[in-house]
């Protein structure tokens, strides 16, 4: 394995991975090429998704607020009170 002269050049060199699955009725092959900078970006996105879903779950577990009290200001000037 050769190393580039400048460390920043390592961030541009893609890492490659291959996978395959075979069953009697199904066959799948996958290939992935990813740079270390792209891997960091994906890690950041996954972290934000998990943090956001944790906040949603925490908010869903909170007790609901009490219902608002009825508005009685509309009854003050009713016609039945005039006499």
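Numbering (our numbering), first residue to last: 1 to 83.
By construction, the Cβ of each residue, glycine as well, lies at the ideal position given by its N, Cα and C atoms.
Just so it is clear, the structure is predicted and the values come from calculations on it, not from any experiment.
Minimum C-alpha distance to residue i - residue among the options
i: residue 17; options: 27, 31, 26; result: 31
Supposed contact pair residue j and residue i - C-beta distance, whole angstroms, cut 8 Å
i: residue 21; j: residue 28; result: 5 Å
i: residue 14; j: residue 35; result: 5 Å
**Request:** Ignoring anything shorter than 4 residues or poking outside the region 1 to 61, list the alpha helix (DSSP H) runs there in chain order.
**Result:** 7 to 10, 36 to 60
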